Structures are given as C-alpha cells and as structure tokens.
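In our numbering, each number is its position in the sequence shown, counted from 1, plus 362. Structure first, then comments.
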Amino acid sequence: MVSTILPLTVENIALRRRGRRILGPISWQLGGTGITVLMGPNGSGKTSFLRAMHGLERISDGRLHWSAPIDQTRARQSFVFQTPILMRRSVVDCIAYPLLLDGVSRRIARDRAAEAATQVGLAAMLDQPAQLLSGGEKQKLALARALVRGPELLFLDEPCANLDGRSTSDIEKILLAARDAGTRIVMSTHNLGQARRLADDVLFLYVGQLVEFGPASRVLQTPATPEMTAFIKGDLLP
Numbered sequence: 363m364v365s366t367i368l369p370l371t372v373e374n375i376a377l378r379r380r381g382r383r384i385l386g387p388i389s390w391q392l393g394g395t396g397i398t399v400l401m402g403p404n405g406s407g408k409t410s411f412l413r414a415m416h417g418l419e420r421i422s423d424g425r426l427h428w429s430a431p432i433d434q435t436r437a438r439q440s441f442v443f444q445t446p447i448l449m450r451r452s453v454v455d456c457i458a459y460p461l462l463l464d465g466v467s468r469r470i471a472r473d474r475a476a477e478a479a480t481q482v483g484l485a486a487m488l489d490q491p492a493q494l495l496s497g498g499e500k501q502k503l504a505l506a507r508a509l510v511r512g513p514e515l516l517f518l519d520e521p522c523a524n525l526d527g528r529s530t531s532d533i534e535k536i537l538l539a540a541r542d543a544g545t546r547i548v549m550s551t552h553n554l555g556q557a558r559r560l561a562d563d564v565l566f567l568y569v570g571q572l573v574e575f576g577p578a579s580r581v582l583q584t585p586a587t588p589e590m591t592a593f594i595k596g597d598l599l600p
C-alpha cells in the first residue's frame, strides 16, 4: 500500500448535463493536510465538484490524477451527504457496516463501531434504531460511519445545513479532531462563520467556475474578486 493518495491534481475537469455545462473547466490541486471549505451561492457547483472528485459524478472533460491507483484511492476516502443516508439497523450496526464490507469480522467491526460512536457522542445510543435519532445525532452517526475506516480523505456536503447551533458545534469539534488526527477534509458550506472557524483554505465557486481560492485568512478577510467580496458582504450575485 502506498503512503498517501494525495495530492489530487484536478486538470480542466468539466461536467455536462443534457448538453449544458454545469461545472468547469476547473484546475486545482488538493494537498495533504487541513480543511478545505468550498463556498458559493446556490447553484454554483459546490456539490457537483465534491461528487466529481469523489467519483460519484462522471466527468465530461479533463481528468483527476491521484497519487495512487484508483482502487486504493476509492478505499481510502469517504463522503458524507447533507441528508444522512441511514439503514434500518441499530446505531452500532450502521457504523459497523463499512467494516463488514471490508471483510472485518462482525465482533471486531462492532467493537470498532462502538469506539467510533463514543468519539462522536453516541455511546449511549448503540442499540437504538438509527431512524429514531434526531437530525444532529443522525449526522454524527454518518460521520462516525465515514471515519470508522480511518479514511485519508473525507468529503462533506453541507454537513451542518439543517442543524441547530449546539449540533453544529458538536459536528465542528468532530471535524477538527479528525483533521488533527490526520484526515484531509474537503467540505462545502454557506456559513461564513463556520468557514472562519474551520477552514485552512477556501475555494469560491460561482456559476460553475472556480473564481477564487487561497488561504482562508486571506480569502475571507481581503478577497481578491468582486464576486467573493459581494458574497462576504451578503449581496445577491446575479
């Protein structure tokens, strides 16, 4: 096994649907540490870009160049959707499921799932049906399930979009702990406050184009483009 799947080099990728280009062309390189935050108004292409990098969207043009064979890159990354996808199982069995797919024994998988649940604050809910959890608890479960395999890279699509302040704070603490443990994170958010709290670097997308990117301290304080400036001010973009 190679030591890393990163950097990921994005070379002029574009997505088309029904003949209409919805993303790109975009070129960028994802390095090996920190939290990257994708920002932009609705319809800017954030979700499509995340899905394309993860392999959930077929790229129309360009290519993704990983630093490892594709089978290894797929095995060492995870994706958390805005609305968690849960199975009709207990909390511990939902978290253990990816390990079972990897061939881990049920006993060991459930033990590791219980540890992951404890790390996200679900230790008291292991045997509860996942469908009965609150919105914030479901997102914690989704994070535990994504992290239980120890991925090198984690993609998240608006993970706190529908959560209250307390649940958002809990999720952010989990993400910062994952980053500090070595997981590379790429996530989208509309929340400027969240970007300021979490981001090491920021990508700003508008009408499918990568308009601006750079260190969060620079992009969020002294943006270089009128589109990013307007977004930070809360102005409507055409």
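No residue lacks a Cβ here, since even glycine has one placed at the ideal position from N, Cα and C. From a predicted model like this one, the values you see are computed outputs, not experimental measurements.
Counted as a single uninterrupted DSSP element, the alpha helix (DSSP H) harbouring A578 occupies residues A578 to V581. For L598, the closest C-alpha among the options D433, Q501 and Y568 is that of Y568. Beta-carbon to beta-carbon, L448 and A492 are separated by about 4 angstroms, close enough to satisfy the 8 angstroms threshold.
With contacts defined by Cβ atoms closer than 7 angstroms, L516 and I547 form a contacting pair. Classified as buried, R472 has 16 or more neighbouring CB atoms from the shown chains inside 10 Å of its CB. For V454, the three-state secondary structure derived from DSSP is helix. Q391 is classed as exposed because its beta carbon has fewer than 16 other beta carbons within 10 Å across all chains shown. A Cβ-Cβ contact shorter than 7 angstroms links E574 with A586.
For L370 against A414, the beta-carbon gap comes to about 11 angstroms, at or over 8 angstroms, which does not count as contact.
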